[in-house]
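Numbering-wise, this note's numbering puts 1793 at position 551 of the sequence shown, and it's gapless, one number per residue. Where a beta carbon is used, it is the ideal one built from N, C-alpha and C, also for glycine. Given the structure is predicted, the values throughout are model-derived calculations rather than measurements.
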Amino acid sequence: MTDRDAGPAATNETIAGILSCIAGQAGDRIAVDDGARQLTYRALATEAARLAQRIEAQVPHGQPVGLILPMAADYIVAIVAIMIGGRPYVALDPSFPPLQHARIAEYAGLAAVLVDDAGAGIMADAVPSLLRIPVVSPIAPGPAPEIRLGAGSDAPAFIYYTSGSTGRPKGVIYDQGNLVEEIHGYIAALSIGPADRISMLYRPSASAGTRDIFAALLAGARLCIVDLKRYGTNEARRRLDAHGITIYHSAPPVFRAVMGGQAHFAERFEALRVVHLIGDRIVPDDLALVRRRFAPDCRLYIDVATTETFSYASWLVDPAIAVENDLVAVGRARSESGLRLIDDAGHPTPKGVPGEIVVTTTSAARGYWRDPETTATRFRLSAVVPGAIDYHTGDIGCFRPNGLLDFIGRKDRQVKIAGNTVHPGAVEATIAAMPGIAAIAIIVRSSVSDAAMVAYWVDASSGGVTAAAIRDWCLARLPAFMCPTEMVCVGELPLLGTGKTDYAALGMLDRTRLDAAKITEPAVGDRPALMGIVRAAWEKFLPGTFDQDRSFEASGGDSLNALSLFALLEERLGRSLPLSILSRSATPSDLIVALKGELEPSASIVEKPVMFFFPGLYANGADIAASELGHRLSEHFDVRLVDYRRGGEELRGQFQPGRLFDDLVREMSQAAGEIPIWVLGYSYGARIAAEALRLADQAGVRVARMINLDGVIEGEIKGMDVVRGLRTRVRQGSGSRGGFFKYLFGGLAYRTSRYLLRHRWLRALRLELSLLLAIGWDVPHRRCRIEAVATLRRTAFGEIPRGKIPTPMTLLTANDTGFDRARFPDLGWRRFSDNLDLRVIGGTHAKMLAQEIDRLVSEIISIKEAQDGAL
């Protein structure tokens, strides 16, 4: 049995049952990793059970509970805690306006909302009377509670709110049994197992985020959370690579923004095996991007879904047959009787003829929360499959002769904006309620890869209503992606004979206006015309809205537009740009000034010092702890995290320190000049940093300061038993509750790997690691591989000469007993540095980057400020 077969028992049909099973069998396996915090399955179960007890004491059974939390491990704990008690959760997006939160709280009948400090403030403004339960609270004394298994498979799981076609949000509710059934199908389709690491870029307030969460938890895999809104595309990409994700999941526009753009980037995504795209139209360029960016065996998985039925067609894409008539097929029906196309009379359409997609399923949503009339209308008993329902999606599709499905568009006016489902009618209803609006109609501009709404309105107030006022009205009541991109005032709207708006005539009017307003995009020369470039890029994503003094958000931009605009600017200007120059509040004038500062920096502007950060030997290129410290320091330094993999593949005997040092000295030389260079080294990385610094000095490069985070220069100083420590970690990670057999197996695997390393039998070592992974022993595999790589690196770096370091050094040390500090308080560095400043930070060596990160950041910044003052 492989690790991809080792899922939870099929009889555990509730979230609580499955999580309890995995926590009991493999509790030390990492369940959630948000970059700053990791939760094992046992810790997740324990924290969720404690929070569930508090919810049980304050919220009546069966009533919905909201969440408004940042994208982090606590969010997953809160979701599981709500579901344990058989209550549905309602995820609220902190970026939505208070009025939207108030409406959803009213429609859902929320009994409480789980919050952090920021969320408490948001909900206090939106719904002051709603019970707010802090997620973080003092832990009650006593033994950890066990997960209650009282909720059955028919217990509600979650309520997901769509925009609604009438302006009233619709709450789609699923029960736990149907959710588990759907997720099991997804796990089987992608062969997800405990060794997988699944990306989570979607916020939990989007239904696709639910799939990421529970696909990971139900398969015993690792959920890797990356907040795209917080970090931006470049840092998000680095974090995804550092997590070692095996399955990437997002909407196509996000995929293009994160993985597209620049021709090259340092991240390799060596473990990535599946790119999963959903939520928007797939274009042929997406297939090319997957082939260009990732390994040949990385597969593209596409599915198409509705909120009410989850996925109804999917496939692992075969590039040879995927594209036809410039359309990428969205897949095949999940079952032969599960999907059919009908014409307006309800009759089946033959292959090659478009029709409305009707999904027949037994795992659909229960219906619409507290809306039985709409439920009865949209969820009809199936005439084809007894016990199932027929759901008329409103999607138009067409079957190819080979059975693949092409998605054509919407039967009604529902559209996808930035990966979100939007009903233009809901936006029209919101704007029509504004005083001074005589009439309003929204048309959708669509292209092969995106869509935008344009509002045409008639003013009844003799000029009292402006486009800016309409935008402010929308932004106060709707999410930003539901606000029209452009507002156009007209004398009257074209009407049909029935008195209804003639949308076809309005669309023709819009195309005429757009053709007349088109501008020619300037070529990029040695001195790019910034105004022309910014205007051309702006108009590509927000047509007809360019105004030098109107902000990106006020022009109808959203986060996905911003990411795409940023990527296009980098492409047009032919260089990387810091994401900080673009914000949703920036006007074109602000953007041009920022770009000019990047391209033609003023002599009066002092650029940030470059900091080369050397992590410990156990780092996988750019590990999460190091990248978090780097992120915190990036406001003061241009942080460049050193990736040891640039020296070659260790397990194949190809690692060459000389290659790494040559690259580093070359990069330091390129950065040198008026910009100060700093070096930061952690643990053994400090020793490598010292050698790079010595070589750079020989090449004429001067380094302002070296900061050493608890690094040792002499081997005999180290007092801890590395062998014993690793054996303990293998034992702890190998089994459930100290299982004797798993402990023996983990110890045997460890001893075998050490023997093979000692004799340099790397081929046999690779075979052993592959065997561990194949039989599902992912923890011993990971521990043995990390130790093997670190040992090979240490051996390769072992011949580093210990010469004098010509640069001032600050040594920041921990205060644990890992080193012989009584004899060597300076860890041996005074023999090699004549200018050493020693400071004790605290904490432990192993967890210094996590436990003491605030102190480290504070100390490093104070060192920089003191040195700047001395200069």
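Using a Cβ distance threshold of 8 Å, Arg1574 and Gly1651 do not count as a contacting pair.
At a Cβ-Cβ threshold of 8 Å, Ser1449 and Ile1489 do not count as neighbours.
Per DSSP, Val1732 lies in no beta strand (DSSP E) and is assigned neither H nor E.
Linking Arg1936 to Leu1922 through their CA atoms gives a straight-line distance of about 14 Å.
For Tyr1428, the enclosing alpha helix (DSSP H) starts and ends at 1418-1432. With a 10 Å radius around the Cβ and a threshold of 16 neighbouring Cβ atoms, Trp2003 comes out exposed.
With a cutoff of 8 Å on beta-carbon distance, Met1853 and Asn1950 are scored as not near each other. Between Leu1352 and Gln1300, the CB-CB gap reaches or exceeds 8 Å. Rounded to whole angstroms, Lys1593 and Arg1439 show a C-alpha spacing of 39 Å. For Leu1281, the three-state secondary structure derived from DSSP is strand.
Judged by DSSP secondary structure, Trp1780 falls within the alpha helix (DSSP H) whose first and last residues are 1772-1783. With a beta-carbon spacing of about 16 Å, Thr1727 and Leu1810 fall beyond the 8 Å limit used to define contacts. Counting only the Cα atoms, Ala1397 lies some 33 Å from Leu1583. The residues Leu1784, Thr1787, in chain order, have a CB closer than 6 Å to that of Ser1797 in the same chain once the five nearest residues on each side in sequence are set aside.
Nearest C-alpha to Ala1607 among Leu1581, Tyr1698, Gln1418: Gln1418. The continuous beta strand (DSSP E) containing Ile1440 extends over residues 1439-1442.
With a beta-carbon spacing of about 5 Å, Ile1326 and Ala1258 fall inside the 8 Å limit used to define contacts.
Counting C-beta pairs closer than 8 Å gives three or more between the region 1308-1325 and the region 1462-1478, which meets the contact rule. Judged by beta-carbon spacing, Leu2054 lies beyond the 8 Å limit of Asp2068, meaning their Cβ atoms are not closer than that value.
By DSSP's assignment, Ser1553 forms a beta bridge with Ala1547.
Listed in chain order, the beta strand (DSSP E) elements of length 3 or more contained wholly in the region 1481-1528 are 1489-1492, 1516-1519.
Per DSSP, the beta bridge partners of Ile1401 are Ile1415.
Between the alpha carbons of Glu1566 and Asp1648 lies a distance of about 9 Å.
Lys1658 sits in a strand when the DSSP states are folded into three classes. Straight-line measurement puts the Cα of Phe1497 at about 28 Å from the Cα of Glu1891.
Put simply, the backbone Cα of Gly1989 is about 18 Å away from that of Ala2006. For Pro1306, the closest C-alpha among the options Ala1285, Asp1275, Phe1400 is that of Phe1400. Scanning its chain for C-beta atoms nearer than 8 Å, with the 5 sequence neighbours on each side dropped, one finds around Phe1536 the residues Phe1511, Leu1514, Val1517, in chain order. Assignment of alpha helix (DSSP H) within the region 1565-1610, counting only whole runs of 4 or more residues, yields no such run.
Note: Pro1561 is not bridge-paired with any residue in the DSSP secondary-structure output.
The C-alpha of Pro1526 lies about 33 Å from the C-alpha of Lys1412. Pro1336 is a Cβ neighbour of Ile1364, given a cutoff of 8 Å. The beta carbons of Leu2091 and Leu1893 sit no closer together than 8 Å.
Here Met1676 is not bridged, per DSSP, to any residue. Collapsing the DSSP output to three states places Asn1950 in a strand. At the C-beta level, Gly1953 and Ser1995 stay beyond 8 Å of one another.
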